[in-house]
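Residue numbers (the working numbering), protein chains in the order written: chain L, 1 to 149; chain Z, 150 to 298.
Working notes, beginning with the structure itself.
Number of protein chains: 2
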Amino acid sequence: MNCQGLWGTSASLALRLGQAIFSTASLLFMCLDVEFYSYTAFCFLVTIMGLVIPWSLTLALMDAYSVFFKRPSRQPGVMSVIVVGDWVLSFLSLAAASSTASVTDILITSHSCRAKLCSRYQLSAAVTFLSWFLSLASSLFNLWLLPSL
Amino acid sequence: MNCQGLWGTSASLALRLGQAIFSTASLLFMCLDVEFYSYTAFCFLVTIMGLVIPWSLTLALMDAYSVFFKRPSRQPGVMSVIVVGDWVLSFLSLAAASSTASVTDILITSHSCRAKLCSRYQLSAAVTFLSWFLSLASSLFNLWLLPSL
Numbered sequence: 001m002n003c004q005g006l007w008g009t010s011a012s013l014a015l016r017l018g019q020a021i022f023s024t025a026s027l028l029f030m031c032l033d034v035e036f037y038s039y040t041a042f043c044f045l046v047t048i049m050g051l052v053i054p055w056s057l058t059l060a061l062m063d064a065y066s067v068f069f070k071r072p073s074r075q076p077g078v079m080s081v082i083v084v085g086d087w088v089l090s091f092l093s094l095a096a097a098s099s100t101a102s103v104t105d106i107l108i109t110s111h112s113c114r115a116k117l118c119s120r121y122q123l124s125a126a127v128t129f130l131s132w133f134l135s136l137a138s139s140l141f142n143l144w145l146l147p148s149l
Numbered sequence: 150m151n152c153q154g155l156w157g158t159s160a161s162l163a164l165r166l167g168q169a170i171f172s173t174a175s176l177l178f179m180c181l182d183v184e185f186y187s188y189t190a191f192c193f194l195v196t197i198m199g200l201v202i203p204w205s206l207t208l209a210l211m212d213a214y215s216v217f218f219k220r221p222s223r224q225p226g227v228m229s230v231i232v233v234g235d236w237v238l239s240f241l242s243l244a245a246a247s248s249t250a251s252v253t254d255i256l257i258t259s260h261s262c263r264a265k266l267c268s269r270y271q272l273s274a275a276v277t278f279l280s281w282f283l284s285l286a287s288s289l290f291n292l293w294l295l296p297s298l
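See below:
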């Protein structure tokens, strides 16, 4: 079984790169200013993105290695760790994205953020949702693989 | 295969009843006052709980029927609908719970909610997290059943 999207294929590599790019973008939009430090939700987002970025970069490197050099080795133990890790990180990303979106909404309604800052927060929330979606897709693809191992 | 937690067993009935109770409690904590109407995150929570309550009550009734009267009929089509529905509702509950929690946090920090109201919002968020957790458990149990059908 080697359909696209599974661990070790080029589609999976693309998913991982997408996750890394979107989560880095989210972190940058949030951190170009130090004001995020005063809101719990934004600190949560920064923490989670700090976990997602190394995770997706590592898996992207391993995917790239198996795409370009050899067939991937899919041991059930390793696959379980990857599926559970993706799973937990996708839940955490969703929680961070929705917290950020709702706090930004409150800040906009109460006119308590400076010009351009609120739109950066909005962009950050949107990009985090994209990263959540890609991470969920990776997780579902690999979950499908588990019973066949 | 008839292990506990799967569709049509008493453990599944207990999970469904727990979901219904927690989501009703969350709705009540939020709606005893009409002030929730001014925050997008709280409106979102009320909408999602309005979807989760009838869904879990219906499935609890169907579970009770198969527990007390006959063995459950597990057709792949019906099971897929149940798994996907649980899935989507669990993501939506998580998003609603984390939005509510972060908005409540902001309100408490800025001292902009009246006495006792903030603690009600906090309770509502906590109970929504519990409902999300039970709904995720149901969904995982039933997902495990799918490949064997």
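Where is the CB? At the ideal position from N, CA and C, for every residue including glycine.
At a Cβ-Cβ threshold of 9 Å, A246/Z and T196/Z do not count as neighbours. Counting only Cβ-Cβ distances below 7 Å, F282/Z has no contacts in chain L at all, with the closest Cβ about 11 Å away. In the structure shown, Y39/L falls within a coil segment according to DSSP collapsed to helix, strand and coil. For the 9 Å CB-CB criterion, S90/L and M49/L do not form a contact. Inclusion of V67/L and T9/L in the CB contact set at 9 Å is warranted, their separation being smaller than that value. In this structure, DSSP gives Q224/Z a state outside helix and strand, which the three-state scheme calls coil. Among the residues of chain Z, those whose CB is under 9 Å from the CB of S98/L are A190, F193, L243, A244, A245, A246, S247, S248 and S251, following chain order. Shown here, G157/Z sits in coil according to DSSP, grouped into three states, outside any helix or strand.
DSSP, read as helix, strand or coil, puts S259/Z in coil.
When DSSP states are grouped into helix, strand and coil, D63/L belongs to the helix group. With respect to chain Z, the C-beta atom of P76/L has no partner C-beta closer than 9 Å. For L292/Z, the uninterrupted alpha helix (DSSP H) run begins and ends at L266 to L294, by DSSP.
Ranking F133/L, L107/L, A126/L and A137/L by CA distance to the CA of Y39/L puts L107/L first. In this structure L283/Z is buried. Its beta-carbon is surrounded by 16 or more other beta-carbon atoms within 10 angstroms.
In the structure shown, D235/Z falls within a helical segment according to DSSP collapsed to helix, strand and coil. At a Cβ-Cβ threshold of 9 Å, V103/L and A60/L do not count as neighbours. Its Cα nearest to that of I202/Z, the residue G234/Z stands out among F185/Z, G234/Z, T258/Z and S229/Z. A Cβ-Cβ distance of about 4 Å is found for the pair A125/L and A101/L, placing them in contact under the 8 Å criterion.
For D182/Z, no CB of chain L lies under 9 Å from its own CB, so it is not counted at the interface with that chain.
Taking a beta-carbon distance threshold of 9 Å, T109/L counts as an interface residue toward chain Z.
Below the 8 Å Cβ cutoff, chain L contributes P147 as neighbours of P296/Z, in chain order.
Within chain Z, the residues L243 have their CB atoms less than 8 Å from the CB of F91/L, given in chain order.
Interface residue (Cβ-Cβ distance to chain Z less than 9 Å): D86/L is not classified as such. In terms of beta-carbon proximity, I53/L stays away from the interface with chain Z, with every pair separated by 9 Å or more. By the neighbour-count criterion, in which a residue is buried when 16 or more other Cβ atoms sit within 10 angstroms of its Cβ, R263/Z is exposed.
Contact annotation: L155/Z and F290/Z have beta-carbon atoms nearer than 9 Å. Ranked by Cα distance from S148/L, the options S99/L, L51/L and P76/L are led by P76/L.
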